[in-house]
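First comes the structure, then the notes that go with it.
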Amino acid sequence: MDRIEELRYLVLAAQREGNRRLTDALRPLGVTPAQAEVLTVLAGSDGPLSVKELGTLLVCETGSPSRLTRTVVTAGWAQQVRDEVDGRLTRLRLTTSGTALAQRVRDVETAFHARLAAALEDDEGTASTVRVLRVLVSDGPSGAAIERRRSRT
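Be aware that the sequence shown starts at 423, since it is given in the numbering used here, and climbs by one per residue.
Right under this line is the structure:
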């Protein structure tokens, strides 16, 4: 196996292993990684988001996340509100319980990220890893969602 093929498989393995570990870490909260991402994006938003706007910021699901958002609303973590300008448009915002859960998700993610940071040797290594991964996803919808989220912070 050459280095490029190994890199491809390592990226795939890291994604699968990372998702499994994040799923395990979120399980006590009763939330999936995809639901956690919705909560995180809504919590970081300046105001309610339309389903379409939310979809452009999600990595876990490309296109329209209607089913995913319906699950989050049904669980009581988010609510649908009418747009103040265009009453035909529905937007999503966190409920009080959704805001509390989003903070608990953030705590889990912070611990998860700390474990990742400890595995990386230094800032230079991290920067080069991030550069390679950005190249791999740059022309896809997930890469675009990541860039949109980076520009919001």
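Yeah, the Cβ is synthetic: ideal placement off N, Cα and C, and Gly gets one too.
Check your understanding: Starting from Thr551 and walking both ways along the beta strand (DSSP E), at which residues does that stretch end?
Key -> Unbroken run through Thr551 is the alpha helix (DSSP H), Asp545 to Val559; no beta strand (DSSP E).
Point to revise | Runs of alpha helix (DSSP H) wholly within the segment 444-491 (minimum 4 residues, chain order) | key: 455-465 and 473-479
Review point. In three-state DSSP terms, what is Thr575?
Key: coil
Check your understanding: Can you name, in chain order, every residue of its own chain whose Cβ lies under 8 Å from the Cβ of Val503, other than the five neighbours on each side?
Key -> Pro470, Thr512, Arg513, Leu514 and Arg515
Review point. With distances taken between CB atoms, is the gap from Trp499 to Ser467 smaller than 8 Å?
Key: no
Check your understanding: Are the segment 524-534 and the segment 438-449 touching by the rule of at least three beta carbon pairs closer than 8 Å?
Key -> yes
Practice item. Tell me whether Thr496 is buried or exposed, calling it buried when 16 or more other Cβ atoms sit within 10 Å of its Cβ. Key: exposed
**Study point:** Segment limits, alpha helix (DSSP H) that includes Ala524
**Key:** Thr518 to Ala541
Review point. For Ala540, does the count of other Cβ atoms within 10 angstroms reach 16, so buried, or fall short, so exposed?
Key: exposed
Check your understanding: Where does Arg513 fall in DSSP's three states?
Key -> strand
Review point. So which of Gly565, Arg492, Thr462 and Ser550 has the shortest CA-CA distance to Glu531?
Key: Thr462
Review point. Along the chain, where does the beta strand (DSSP E) that runs through Val503 open and close?
Key: Ala500 to Arg504
Review point. Roughly how many whole angstroms lie between the Cα atoms of Asn441 and Glu506?
Key: 37 Å
Review point. With a Cβ-Cβ cutoff of 8 Å, do Glu475 and Ala456 count as a contact?
Key: no
Check your understanding: Within 10 angstroms of its Cβ, does Ala567 collect 16 or more other Cβ (buried), or is it exposed?
Key -> buried
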